[in-house]
Each structure stands twice: as C-alpha cells, then as structure tokens.
Amino acid sequence: MIAFVSGRVAAAGPDGAVIDVHGVGFSVQCTPATLAGLRVGDEARVPTSMVVREDSLTLFGFGDDDERSVFELLQTASGVGPRLALAMLAVHTPDALRRAVAAEDLAALTRVPGIGKKGAQRIVLELKDRLGGPVGDGADGVRAPARAEVWRDQVQAGLINLGWSARDADAAVDAVAADLAAGGETPPVAALLKAALKKLSK
C-alpha cells in the first residue's frame, strides 16, 4: 500500500491534486480543507490511503496521519464507504467526529449529506469504542487558511461532491460570501464549507 506521496504539486482541482513523484504523477482525491494547503509548484508530503476495487485503484490524500487513520476507521462501520468517509471529513475535523461519536451527537453526524438518523445511530454504535476521544485541542484551528481568491471554488466543489446541485452550491457560496463581506480574516475552507452546509439546511 502507498502510505504517503511526497513531491511537487503538479495540479490541483476542486476535488483532488496531482503530486509529481520523480516524474510519476499520482492523482490524489482530497477534502477541500486538505486541498487548501496544497499549492501548485510547491513541494508537499501527503499521507494517503489506497482503496482497491475490482475495476479501480483510488488514492485518497489527507492533511495529516490522524485524518487518514480516522478515514480508514470510519469505513469499518456498516454502510460507510470511502466516498462517505471523505464527505464526513469534509464537514467535520477528526476531533469533531470523535466528539460527535463519543457524545452520541446524531445531529452533528446527520449534517453530512448521505447520513440519516439510522445511519448516524449505526455509526455511533459501531465506532464509539474505536475512534476514542479527541487528540488535539479543537482541530478546527489547524486547517490551512483559505486564500480569498480560491475558497469559493473549493467550497462550491465540496458541496457538489457531497451531492448538492451546482445551483444550490452557488447560492450557498454567495450567502457565505455575503456574511464575510464585513471583512476580517477568511476562515479555513472546512469552516466555510460548514457555513455553506448550514445555509443549505435552512
């Protein structure tokens, strides 16, 4: 298995990046928050998890080893595949997921598109003893900050990847942008994505 890829960021799109490792380009699918920390032309080390299917090999990339571990643990729950696990990490940080599962916070889990109340109950039941407690002091603060000129595309792409229509995603991004118009530092992409999801849930 490929535990990480290290090299130059050759390309970055709305849902993934290409890492040039000695002339070989590895396509890595990532959450918006992870992508926010990758810049084309920069050197990067991306922890990865490979998902093998009969007709495909898919490499998923993460901001750190902890995020990768949580991604792999999430898939041990019934009905949670790699796409849903990635969606969960797009909405919640690893520690936020640990807190939600430990506290049996079904409302937090059902904020992820694709997870209903029964699915959230199953995740809590099956993962409560596996995920453990938070390991940092509030992982929301460790996400790489989003640059003002790129966060809109990243949040919009994240919403579309989570199942929302392009029209709904546009409206949510515009609403979040309006809230930010007052000025101040742009929050991390993960926080902006959560804000957009709240707009869509109203």
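Counting the sequence shown from 1 gives a position; the working numbering is that position plus 546. Cβ coordinates follow ideal geometry from the N, Cα and C atoms, glycine included.
Coil, strand or helix - V555 by DSSP: strand
With D716 as the anchor, note down where its alpha helix (DSSP H) starts and where it stops. 712–726
Along the chain, which unbroken stretches of the alpha helix (DSSP H) at least 4 residues long are found entirely within the region 565–639? 578–582, 611–620, 628–637
Keeping to the same chain, check which residues put their C-beta closer than 7 Å to that of R668; ignore five residues upstream and five downstream. A623, S624, G625
Short of 6 Å in beta carbon distance, which residues of its chain neighbour S552, apart from the five on each side in sequence? Order them along the chain. R591
On the CB-based measure, 16 or more other CB atoms within 10 Å of its CB, does D683 come out buried or exposed? Caution is warranted here: a pLDDT of 45 is assigned to D683, below 50, making its placement in the model unreliable, and no coordinate value can be reported.
Please report the straight-line C-alpha distance between Q700 and L726, rounded to a whole angstrom. 16 Å
Same chain, Cβ closer than 7 Å to A718, neighbours up to 5 away in sequence not counted: L705, A742, K745, L746
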